[in-house]
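For the sequence shown, my numbering gives the first residue as 1, with consecutive numbering after it. Glycine included, every Cβ here is placed at the ideal spot set by N, Cα and C.
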Amino acid sequence: MEIQRDTGMHTRGGVITQRDSDFCTVRIRIPAGIVTPEQLIGIAKITEEFGTGTAHLTVRQTMEIPHVKIADLEALGRALEANNTPVGSEREEIVNITACPGTDRCRLANVDSITLARRIDKDFFGKNMPIRVRIGVSSCPNSCVSERLCEVGVTGVTRPIRNPGLCTGCGTCVNFCKEGALFVRGGEIVLDMKKCIDCGNCIHICPYSTIRGGPDAYLITVGGKRGRHPTLGRPLITVAGEDECMMVVEKVVTWIYRKAWDGRLLGDQLDEIGFDELKKDIFKAIPPESIISGPEIP
Numbered sequence: 001m002e003i004q005r006d007t008g009m010h011t012r013g014g015v016i017t018q019r020d021s022d023f024c025t026v027r028i029r030i031p032a033g034i035v036t037p038e039q040l041i042g043i044a045k046i047t048e049e050f051g052t053g054t055a056h057l058t059v060r061q062t063m064e065i066p067h068v069k070i071a072d073l074e075a076l077g078r079a080l081e082a083n084n085t086p087v088g089s090e091r092e093e094i095v096n097i098t099a100c101p102g103t104d105r106c107r108l109a110n111v112d113s114i115t116l117a118r119r120i121d122k123d124f125f126g127k128n129m130p131i132r133v134r135i136g137v138s139s140c141p142n143s144c145v146s147e148r149l150c151e152v153g154v155t156g157v158t159r160p161i162r163n164p165g166l167c168t169g170c171g172t173c174v175n176f177c178k179e180g181a182l183f184v185r186g187g188e189i190v191l192d193m194k195k196c197i198d199c200g201n202c203i204h205i206c207p208y209s210t211i212r213g214g215p216d217a218y219l220i221t222v223g224g225k226r227g228r229h230p231t232l233g234r235p236l237i238t239v240a241g242e243d244e245c246m247m248v249v250e251k252v253v254t255w256i257y258r259k260a261w262d263g264r265l266l267g268d269q270l271d272e273i274g275f276d277e278l279k280k281d282i283f284k285a286i287p288p289e290s291i292i293s294g295p296e297i298p
């Protein structure tokens, strides 16, 4: 007789007690919302066996199985593990990492958001924290996954570099710039860097390919929040390179783990727990050649 091991389902963050406390909703871990046909088939079968035949798609790019009986939690947990879609997180942990399609599919993408999200998931998913930490990755400032409303947001940016000698002044980029950062002066295109948000739209749209991008970079923001009073995260630093981005994320996660107080959203306690000191520490830790922009440090 095979001995079934205890998966600890009753204590997992992805197990959510419903209004009727005899039942639970079980959230699944699906990094970046990417799932295979085989996994979907498995989820469908698991839902029919342990739920009521329906699943719920969440805003965090994952799925939930509702109306699961308490007595079935352990068996459900083992079935989800066998399907490579294990139980997710929802409590004071790092929850499912979200990402836009990125360079895999989107013509406006600046960085490979899916690969980065999977790296973040591998290193940090489910880590116990004093508060719930959401991490989102968007490949450009269009922010399709609202990463700046997460406790930690990563936005792919690229700075336009023009070649005035080749530019015809056709004005196509001016028409497509949503920030009003480009205009025509004396037959030449002028870029207002104060308005430019490094989205890269002018690079993608230039019909003559005379605008090239600077190094692909990652803007990391901290302290965003949804809920009753949505707030954008504060810009922390912009770095060139995925490895450098991972380094910053690791330091931010460690800072939250050590400094944040439970019972309050991160965005409501940034100043009290030393956001400015975090900026200085991050700026000193990252190699200068990898920093695109960051805090002004004396």
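Here residue 218 is buried. Its C-beta has 16 or more other C-beta atoms within 10 Å.
Taking 8 Å as the upper bound for CB-CB distance, residue 28 and residue 64 are in contact here, some 7 Å apart.
Within the same chain, and ignoring the five residues on either side of residue 201 in sequence, the residues whose Cβ sits closer than 6 Å to its Cβ are 176. Within the region 72–108, complete alpha helix (DSSP H) segments of at least 4 residues are found at 73–82, given in chain order. Around the CB of residue 198, 16 or more other CB atoms lie within 10 Å, so the residue is classed as buried. With fewer than 16 other CB atoms across the displayed protein chains lying within 10 angstroms of its CB, residue 164 is exposed. In the DSSP assignment, residue 119 falls within the alpha helix (DSSP H) that extends over 113–124. Exposed is the label assigned to residue 84, since fewer than 16 other Cβ atoms lie within 10 Å of its Cβ. In this structure, residue 214 and residue 223 do not form a Cβ contact; the two beta carbons are roughly 27 Å apart against a cut-off of 8 Å. With 16 or more other Cβ atoms inside 10 Å of its own Cβ, residue 129 counts as buried. Taking the CA atoms as reference points, residue 249 sits about 26 Å from residue 15.
When secondary structure is reduced to three states using DSSP, residue 110 falls in the coil class, being assigned neither helix nor strand.
By the C-beta criterion, the region 146–156 is judged not to be in contact with the region 277–288, since fewer than 3 inter-stretch pairs fall below 8 Å. In its chain, beyond the 5 residues on either side, 29 and 80 have a beta carbon closer than 7 Å to the beta carbon of residue 86. Residue 253 sits in a helix when the DSSP states are folded into three classes.
Residue ranges of uninterrupted alpha helix (DSSP H) with 4 or more members, entirely inside the region 138–193 and ordered along the chain, are 172–176. Put simply, the backbone Cα of residue 286 is about 8 Å away from that of residue 247. About 7 Å separates the CB atoms of residue 98 and residue 33; that is less than 8 Å, so the two are in contact.
Taken through DSSP and simplified to helix, strand or coil, residue 229 comes out as coil.
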